[in-house]
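Quick note, the sequences are listed as chains A and B, same order.
According to this note's numbering, the first sequence is numbered sequentially starting from 3.
According to this note's numbering, the second sequence is numbered sequentially starting from 25.
Backbone N, C-alpha and C define an ideal beta-carbon position, used for all residues, glycine too.
These notes concern the structure reproduced below.
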Amino acid sequence: MNRGTRAIDLGLASCHTCGRVSPAAAGHCPRCHSAIHLRKPASLSRTWAFLLAATALYLPAMTLPIMDVQGLGGTGPSTILSGVITFWEMKSYPVAIIIFLASVVIPIAKVGALVWLCLAASGRAAGAPKHHAKLYHLTELVGRWSMVDVFVVAILATLVQLGALMTITPGPAALSFAGVVVLTMFSAMSFDPRLLWDREFGGSRAA
Amino acid sequence: MSEASEDYQPTVSRRRRWSSVWIIPAVAFLLAGWLVWTHYANKGPLAHVTFETAESIKAGETEVRCRSVRVGVVESVALAENLGSVHVELRIDPDSEDLLREDTRFWVVRPRVSSSAVSGLGTILSGSYIELEPGNAKATATRYTGLEEPPVTASSIPGLRLTLVAEEAGSLSVGAPIYYRGFEVGKVERRTLDTEARRIRFEVFVQEEYGALVRTGTRFWNTSGVDVSAGADGFKLRTPSFQSMVSGGASFSVPRGLAAGDPVDDGAVFTLYDDESAARDSGFEPDRRILLFFDQSVRGLNRGAPVEYRGIPLGRVVEVSFTHSPPGDSRVPVLIELDTRTLRHATEEETDGAVLLADAVRRGLRARLGTASLLTGALFVDLDFMPDTLPAELGRSGEFDVIPTQSSGLAQMEAKINAILAKLEGLPLDETLTKFGNAAEETTTTIVDARETLASIEDTLAEARKLLGSDATQSVTAELNDTLAELRSSIESLGPGGAVQGDLRRTLDELRSALRAFGSLSETIEEKPNSLIFGRESSGDPTPRARR
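What follows is the structure, encoded as structure tokens:
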């Protein structure tokens, strides 16, 4: 079966910045002078590293309070999960669902997906590379929506400053959660999807 | 498309074993661990406080404050096993750990409205909180019993703390003010009922700068509510302040005539008297008990009623009871106690009290009941020298001396009334009544006669009626009717429509015309007397003549 010729077999690499295809041995792109590599350097290890960091920060993001409501009928500090429960009990089902999806489901799914992709790139996961590529695409697309929760807290903390009536201050979990989202985005960025195809098309250089 | 690759020399470098990217997860782990650790491990101590109710206390929300500074938060609220109280766990901030002393006090600040104070209204908006008042003891503790009411004065405020003992609580409540000559110098902190001694105990706080006013000779009395007294000059209504009307108050001072004594320390105990006069009388020390026998009703003579000598208080009535009377004696025994020192002052003699009394009795000292108040009917014992009394000696009954008594003015009045009644009895009322009776009888007979006359009149009237109804009268009336009819017709003929009048009128008309004619005839004759003969000239053209 003709698998076609891969650029890596010809020693050609495309520049990360401007996209020009040039021989990788040059080291720098002739057009924009940024460093060029055949594959993203240390892609898998960087992806793993960012994933672990994101997981580490996810624990305080869930257990520490994300915002503190004080004032008349104030309920004190509340974590993400307690906020979801509060919204659900207040019969704001759409809000509860959105926050649950954005803050709990998507980050965990993203981390899980990237772990799966890393394993796939290392050859330890089953499935066609086409599906893996689709998963990667989906992860990249959806990942950034987890920042919704952080924006909600930021807007509430900015607007609800009504003194003794009601005052909302962000808690330590807000920064942790933002860190989680950013790190998962870095993780997805560090992953080189071309590695998924390398296995199939004949083992060439691993990352 | 692609340039010659042999122009470029590949740079060969050893790949590092560990890329620097692994620093990031390491840092992230450290950060996460540090965040979680500081959150959970650096919590302060836990204090267990027992309250009666967890009203307005919410776990995780209700703050613990000391002088409005947040020092902790309520962590959990749970019912006690015996379901009689509530266990509240407070998480105190780590830097306020040393506030937890043995005598630290906790109470819940919530809106409270009572007769003595309105407090905690700000907590309606901001939510209740638990106030922590740190104690001064050295030892620390973690288990406390919370107060249900905030303490009236913080234990840290310096001052004098005394105990007042009273027979009745009156209207003196917690938070009531303590006055010295009308100036508020302290407050009632607590009141308890001592069931063993059957007394009420008040714990009182006097501010430090006025503590020196309280001496051993000081007397406290209740000035609650309104003091109404009725005297010779009318009613007097007094109240120290509005607050004392509502929540009560007590005053203190050293009564005149008593020594002030030394300043007192914390914990001194005083008696709380019912009013100012009771406090003044407390300086009164009776030294002799006398028995009196009254041969009259002693209703209105109360225990503690005054015994006076010519208006000067000498003692008081101790008891009115038959236990002191010898058997067979029907007189009412009244036991009084006297302060003979006053008597001694009056006589300026340093003689023994018994000798003094015996001498006085010989000179005519007697005891009498007098009316203390017409309004209430209360009596008092009046000792006085009676000029016209039978000579008597100081008696003895049992262990007490007996002063002879004389019946009081009330009894004399009774005697007089009896005399009047006797006189009334002597009046010839019977004869007068018989005379009245006779007159009444005669009147009765007259009335009977009158009734008979009326009856006869009635008969006459009945006969008259009969007469009117008989036939003779009927025919008479018929004839009368006919006569009347004829009269009427006659009158009619005379009347305007009648014939007679018509004739008369015609006659009158003819007369009138005749006269007219005669009149003209006489005129003609006047003017022309020869017209009788020559007749009237009739010219074709009548000429009007001028009137003369």
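Practice task
Examine the Cβ distances between the region 183-190 of chain B and the region 82-98 of chain B and report whether three or more of them are shorter than 8 angstroms.
Solution key: As far as the Cβ criterion goes, the region 183-190 of chain B does not touch the region 82-98 of chain B, which means the pair count is below three.
Handout entry: Sheet register partners of B/Tyr-297 (DSSP bridge)
Key = B/Tyr-297 pairs with B/Trp-245.
Practice task
Flag A/Ala-51 as yes if its beta-carbon sits less than 8 angstroms from any beta-carbon of chain B, otherwise no.
Solution key: It does; some Cβ of chain B falls within 8 angstroms.
Handout entry: Assumed close pair B/Thr-252, B/Val-288 - CB separation to whole angstroms, cut-off 8 angstroms
Key = According to the sequence shown, residue 252 of chain B is Val rather than Thr. Rounded to whole angstroms, the Cβ separation of B/Val-252 and B/Val-288 is 33 angstroms, and the two are not in contact under 8 angstroms.
Practice task
Per DSSP, which residues does A/Leu-14 bridge with? Please list them.
Solution key: Note: A/Leu-14 sits in a beta bridge opposite A/Pro-25.
Exercise for the section: Would you please verify whether the beta carbon of A/Leu-66 is less than 8 angstroms from any beta carbon of chain B? Expected result: With its beta carbon less than 8 angstroms from one in chain B, A/Leu-66 belongs to the interface.
Handout entry: Cβ-Cβ separation, B/Asp-363 to B/Gly-339 (assumed contact under 8 angstroms), whole Å
Key = Rounded to the nearest angstrom, the Cβ distance from B/Gly-339 to B/Asp-363 is 6 angstroms, consistent with a contact under 8 angstroms.
Exercise for the section: Kindly indicate which three-state DSSP category A/Ser-47 falls into: helix, strand or coil? Expected result: Correct three-state label for A/Ser-47: helix.
Handout entry: Residue-level contact to chain A via CB, B/Ser-248, 8 angstroms cutoff
Key = Output row for B/Ser-248: interface = no.
Problem - Secondary structure, beta strand (DSSP E): runs of 3+ residues fully inside the region 328-410 of chain B - result: Those beta strand (DSSP E) runs which fall completely within the region 328-410 of chain B and span 3+ residues are 330-333, 336-344, 356-362, 389-397 and 402-409.
Practice task
May I have the straight-line CA-CA distance separating A/Ile-170 from A/Ala-190, to the nearest angstrom?
Solution key: The alpha-carbon atoms of A/Ile-170 and A/Ala-190 are separated by roughly 33 angstroms.
Exercise for the section: Assign B/Glu-547 to one of two classes, buried (16 or more other C-beta atoms within 10 Å of its C-beta) or exposed (fewer than that). Expected result: That one is exposed.
Practice task
Determine the contact status of B/Val-209 and B/Val-230, defining contact as a CB-CB distance below 8 angstroms.
Solution key: Contact flag set, yes.
Practice task
Could you check the C-alpha separation between A/His-139 and B/Ser-120 for me, to the nearest Å?
Solution key: Straight-line Cα distance between these residues: approximately 54 angstroms.
Practice task
Would you verify that the beta carbon of B/Ile-116 is, or is not, closer than 8 angstroms to some beta carbon of chain A?
Solution key: B/Ile-116 does not count as touching chain A.
Practice task
Identify whether A/Pro-62 lies in helix, strand or coil by the three-state DSSP scheme.
Solution key: DSSP places A/Pro-62 in helix when its eight states are reduced to three.
Handout entry: B/Arg-512 versus B/Asp-533 - alpha carbon distance
Key = A direct Cα-Cα distance of roughly 28 angstroms separates B/Arg-512 from B/Asp-533.
Exercise for the section: Count the other C-beta atoms from every protein chain shown that fall within 10 angstroms of the C-beta of B/Asp-43, then say buried if there are 16 or more, exposed otherwise. Expected result: According to the sequence displayed, residue 43 of chain B carries Ser and not Asp. By the beta-carbon neighbour count (other beta carbons within 10 angstroms, threshold 16), B/Ser-43 is exposed.
Handout entry: Cβ neighbours of B/Val-322 in the same chain (closer than 8 angstroms, five flanking residues each side left out)
Key = The residues are Val-344, Val-356, Val-358, Leu-393 and Leu-403.
Problem - Bridge-paired residues (DSSP) for A/Cys-20 - result: Its beta-bridge partners do not exist; DSSP assigns none.
Problem - Nearest-angstrom beta carbon gap, B/Ala-292 and B/Gly-15 [assumed within contact, 8 angstroms] - result: In the structure as shown, chain B begins at 25 and stops at 572. Residue 15 of chain B is therefore absent and cannot be evaluated.
Practice task
Measure the alpha-carbon distance for B/Arg-334 versus B/Pro-452 and round it to whole angstroms.
Solution key: Roughly 46 angstroms separates the two Cα atoms.
Handout entry: chain B contact residues for A/Leu-1, given Cβ-Cβ distances below 9 angstroms
Key = One cannot answer for residue 1 of chain A here, as it falls past the ends of chain A, which runs 3 to 209.
Exercise for the section: In the DSSP assignment, find the beta strand (DSSP E) that holds A/Tyr-1 and state where it starts and stops. Expected result: No answer is possible for residue 1 of chain A: it lies beyond the span of chain A, which begins at 3 and ends at 209.
Handout entry: Partner residues on chain A for B/Leu-217, Cβ-Cβ distance less than 8 angstroms
Key = Neighbours of B/Leu-217 on chain A: none; closest Cβ ~42 angstroms, over 8 angstroms.
Problem - Residue range of the unbroken alpha helix (DSSP H) whose run includes A/Trp-90 - result: In this chain, the alpha helix (DSSP H) harbouring A/Trp-90 covers 82-91.
Handout entry: Three-pair Cβ contact test at 8 angstroms for the region 384-398 of chain B versus the region 410-429 of chain B
Key = Remark: three or more beta-carbon pairs, one from each stretch, lie closer than 8 angstroms, so the region 384-398 of chain B and the region 410-429 of chain B are flagged as touching.
Problem - Simplified DSSP assignment, three categories, for B/Pro-415 - result: The three-state reading of DSSP puts B/Pro-415 in coil, since its state is none of H, G, I, E or B.
Exercise for the section: Determine whether the Cβ of B/Thr-295 lies closer than 8 angstroms to any Cβ atom of chain A. Expected result: No - not a single Cβ of chain A is within 8 angstroms of the one on B/Thr-295.
Exercise for the section: Identify the contact partners of A/Arg-48 in chain B, using a Cβ-Cβ distance below 8 angstroms as the criterion. Expected result: Simply Ser-43 and Val-45.
Exercise for the section: Using a Cβ-Cβ cut-off of 8 angstroms, state whether B/Pro-49 counts as contacting chain A. Expected result: Closer than 8 angstroms: yes.
Practice task
Please report how far the alpha carbon of B/Arg-148 lies from the alpha carbon of A/Val-71, in whole angstroms.
Solution key: Strictly speaking, residue 148 of chain B in this sequence is Ile, with Arg absent from that position. Looking at the two C-alpha atoms, the distance is approximately 18 angstroms.
Practice task
Could you tell me whether the Cβ of B/Gly-84 comes closer than 8 angstroms to any Cβ of chain A?
Solution key: Under the Cβ criterion of 8 angstroms, B/Gly-84 is counted among the residues facing chain A.
Practice task
Give me the Cα-Cα distance between A/Thr-7 and A/Val-106, rounded to the nearest whole angstrom.
Solution key: C-alpha separation (whole angstroms): 42 angstroms.
Problem - Contacts around B/Ala-2, its chain only, beta-carbon distance under 6 angstroms, and the 5 residues preceding and following it disregarded - result: Look at the range of chain B in this structure, 25 to 572, and you will see that residue 2 of chain B is not part of it.
Practice task
Check whether the Cβ atoms of A/Leu-116 and A/His-134 lie closer than 8 angstroms to each other.
Solution key: No, they are not a contact pair.
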